[in-house]
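Visitor:
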Amino acid sequence: MNRVPRGDRVVVMGDFNARVGKNVNVWKGVIGQHGEDVENESGRRLLGFSAENELQIMNTHFDHKRIHKFTWSCPGKGLQSIIDYFLMRSDQRRYVHDVKVIRGAEIESDHYLVLAKVNVAKRVPKKREGTRNQLRSERLQTVEGSLKFRARLRAKWNMVEHTEGEEVDRMWEEFKGVILGTAEEVCGRRKCQSSKKRTGWWSKEVEAAIRKKKIAYKRWIQVKTTEAREMYIVAKKEARQVARKAKNDEWIQLGESLQHDFAKNQRKFWGKIRATVKGSHEVGRVCDENGQVICEEEKVKVRWKEYFASLFQANDVPQQRVSKEVTGEEVQVEETVEET
58 MNRVPRGDRV VVMGDFNARV GKNVNVWKGV IGQHGEDVEN ESGRRLLGFS AENELQIMNT
118 HFDHKRIHKF TWSCPGKGLQ SIIDYFLMRS DQRRYVHDVK VIRGAEIESD HYLVLAKVNV
178 AKRVPKKREG TRNQLRSERL QTVEGSLKFR ARLRAKWNMV EHTEGEEVDR MWEEFKGVIL
238 GTAEEVCGRR KCQSSKKRTG WWSKEVEAAI RKKKIAYKRW IQVKTTEARE MYIVAKKEAR
298 QVARKAKNDE WIQLGESLQH DFAKNQRKFW GKIRATVKGS HEVGRVCDEN GQVICEEEKV
358 KVRWKEYFAS LFQANDVPQQ RVSKEVTGEE VQVEETVEET
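The sequence shown begins at 58 in the numbering used here and counts up by one.
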C-alpha cells in the first residue's frame, strides 16, 4: 500500500473471512455503524490493517435490510455473516454511493454477489503553464559581453533593408526583433522559477517521517492502548528531529550561498535577501561569534544581548562635541572635550 501514489484511487475487495463488528467508538474512521454485532480475530487484523493504511470498510457505512447486508449464509444451520468487503481510502469515501448484496445473482456459491456503486468519472488534469524564461541580461554588464553584443547588433542592423515611408509599427517590430534576437544570441536564457513558494527543506525523508507520525497518531486514537501511545510519541519525536535537521541544513546552505553571492554577485545577493524576508516581520535565527547558526529562542535572545553589549563597550572613550560657527564664507570648528 505504501507504494501506491496518494492520488490514485484504491479499491481492495474480496473474501477476507473476517467479521469486523460495529464498535464505532474504538474504530472510528474505519467502520460505520451498519455492520454486524460479531467480531473475530481475523476481523481485528483487518481493522488494524485498514487503520494503518487509512482505509475504510465500505460495507458498514450503508443501512440496508439484513438480506442485503450479509454476504455469506448457511441455510441448513441458519448461519449468516458479513465476510466479503470493499475497502477504499478515507479521502475517497465520497466517491462511494452504495454497497449492498444482490441476492438474485446465480454464482453457484454460498457467498452472495456484493455490488458497490463508485463514481469513477475521469479527472481532468490541471493545465500547466508553459515554461517561462528570461534573458541573462547580467552578461551584458561584462566588457566581453558588451563588445560582443554591439558588434553583432551592428552587423544585423546593417543587413536590415530600410525604405522610406515604412509604417511605424513595422519599423518597430524590426527594431525590437533585432535587439531581442541579438541579446538572446549573446546572453542566452534561463528558466524562471515558479511564483509559487516552495518549502526548501521538505524532502522524501521528512515526508516519510511525518507520514509515519500521522499513521501512529491515528492508530493511537483508534485503539487507545499504552503501546500505541508510546509508538506515537517515538514517531513524533523522530519526525520533529528530522524536520529540525532539514531546516537547519537549509539555513546553513542559504548562509553559504549568500556569502558567496555577496562577494561575487551583489544583484543576486539582494534578490535572495528580498525573497527570504518577504512577508516576515522577525528573524528567528542568528549566528554566533564562530558563524554557527542559532535556532533556539532563548539562545537567540542571549546572542542579541551580547551583540548590543559589545556596541556600548566604548563608553570610556571621551565624546567630542563639534560646534560650527559660520560667518560669511569662513567656517570655524571648535572642538571641546567633555571630561568623564
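All C-beta atoms, glycine included, are put in the ideal place defined by N, C-alpha and C.
Model, not experiment: these values are computed from the prediction.
Could you say which of Leu144, Val280 and Glu163 lies nearest to Val156 if we only look at CA atoms?
Guide: The residue labelled residue 156 in the question sits at position 99 within the sequence shown. Of Leu144, Val280 and Glu163, the residue nearest in Cα terms is Leu144.
Visitor: I'd like the span of the alpha helix (DSSP H) that includes Trp361, first residue to last.
Guide: The residue you call residue 361 lines up with position 304 of the sequence shown. Per DSSP, Trp361 belongs to the alpha helix (DSSP H) from Glu354 to Leu368.
Visitor: Leaving out five residues before and five after Glu242 in sequence, what residues of the same chain have Cβ atoms less than 8 Å from its Cβ?
Guide: The residue labelled residue 242 in the question sits at position 185 within the sequence shown. Once the five neighbours on either side are set aside, the close Cβ partners of Glu242 are Arg209.
Visitor: With DSSP as the reference, identify every bridge partner of Ile88, one or two as the case may be.
Guide: Sequence index remark: in the sequence shown, residue 88 carries index 31 (1-based). Looking at the DSSP assignment, Ile88 forms a beta bridge with Lys85.
Visitor: Could you give the residue range of the beta strand (DSSP E) that holds Leu197?
Guide: Sequence index remark: in the sequence shown, residue 197 carries index 140 (1-based). Taken as a continuous stretch (DSSP letters only), Leu197 belongs to no beta strand (DSSP E), as it is neither H nor E.
Visitor: For Gln113, list the residues DSSP reports as bridge partners.
Guide: The residue you call residue 113 lines up with position 56 of the sequence shown. DSSP, once it has assigned bridges, lists Met145 as partnering Gln113.
Visitor: Measure the C-alpha to C-alpha separation of Ser337 and Trp214 and round it to an integer number of angstroms.
Guide: Counted from its first residue, the sequence shown places residue 337 at position 280. Counted from its first residue, the sequence shown places residue 214 at position 157. Bear in mind that the predicted position of Ser337 carries a pLDDT of just 49, short of 50, making it unreliable; the figure below should be weighed with that in mind. Distance between the alpha carbons of Ser337 and Trp214 is about 48 Å.
Visitor: Got a sec? Which residues, its chain only, sit under 7 Å from Val299 by beta carbon, not counting five neighbours each side?
Guide: Residue 299 sits at position 242 when you count from the first residue of the sequence shown. Same-chain partners within the cutoff: Glu262, Val263 and Ala266.
Visitor: So Val158 and Tyr142 are in contact, right, with Cβ under 8 Å, and what is the actual spacing, rounded?
Guide: As a working note, residue 158 is residue 101 in the sequence shown. As a working note, residue 142 is residue 85 in the sequence shown. Not confirmed; about 12 Å, so no contact.
Visitor: Under the assumption that Ile140 contacts Trp129 (Cβ atoms under 8 Å), give the Cβ distance between them as a whole number of angstroms.
Guide: As a working note, residue 140 is residue 83 in the sequence shown. As a working note, residue 129 is residue 72 in the sequence shown. Confirmed, about 5 Å.
Visitor: So, are the CB atoms of Arg246 and Gln191 less than 8 Å apart?
Guide: Your numbering for residue 246 matches position 189 in the sequence shown. Your numbering for residue 191 matches position 134 in the sequence shown. Yes, these two residues count as a Cβ contact at 8 Å.
Visitor: Rounded to the nearest angstrom, what separates Glu368 and Trp361 at their Cα positions?
Guide: The residue labelled residue 368 in the question sits at position 311 within the sequence shown. The residue labelled residue 361 in the question sits at position 304 within the sequence shown. Here the sequence assigns Leu to residue 368, which means Glu is not the residue at that position. Taking the straight line joining both Cα atoms gives about 11 Å.
Visitor: Looking at the structure shown, is Glu96 part of a helix, part of a strand, or coil, going by DSSP?
Guide: Taking the first residue of the sequence shown as position 1, residue 96 is located at position 39. Reduced to three states, the DSSP call for Glu96 is strand.
Visitor: How big is the Cα-Cα spacing for Asp306 and Gly86?
Guide: Locating residue 306 in the sequence shown gives position 249, where the first residue counts as 1. Locating residue 86 in the sequence shown gives position 29, where the first residue counts as 1. So the two alpha carbons sit approximately 38 Å from each other.
Visitor: Could you give the distance in angstroms between the alpha-carbon of Lys302 and the alpha-carbon of Ile164?
Guide: For the purposes of this step, residue 302 is taken as the residue at position 245 of the sequence shown. For the purposes of this step, residue 164 is taken as the residue at position 107 of the sequence shown. Approximately 58 Å, taken between the alpha carbons.
Visitor: What would DSSP say about Glu224, mapped onto helix, strand or coil?
Guide: In the sequence shown, residue 224 corresponds to position 167, counting from 1. Coil, per DSSP.
Visitor: What's the C-alpha gap between Val95 and Lys356?
Guide: Taking the sequence shown and counting its residues from 1, one reaches residue 95 at position 38. Taking the sequence shown and counting its residues from 1, one reaches residue 356 at position 299. Rounded to the nearest angstrom, the two C-alpha atoms are 58 Å apart.
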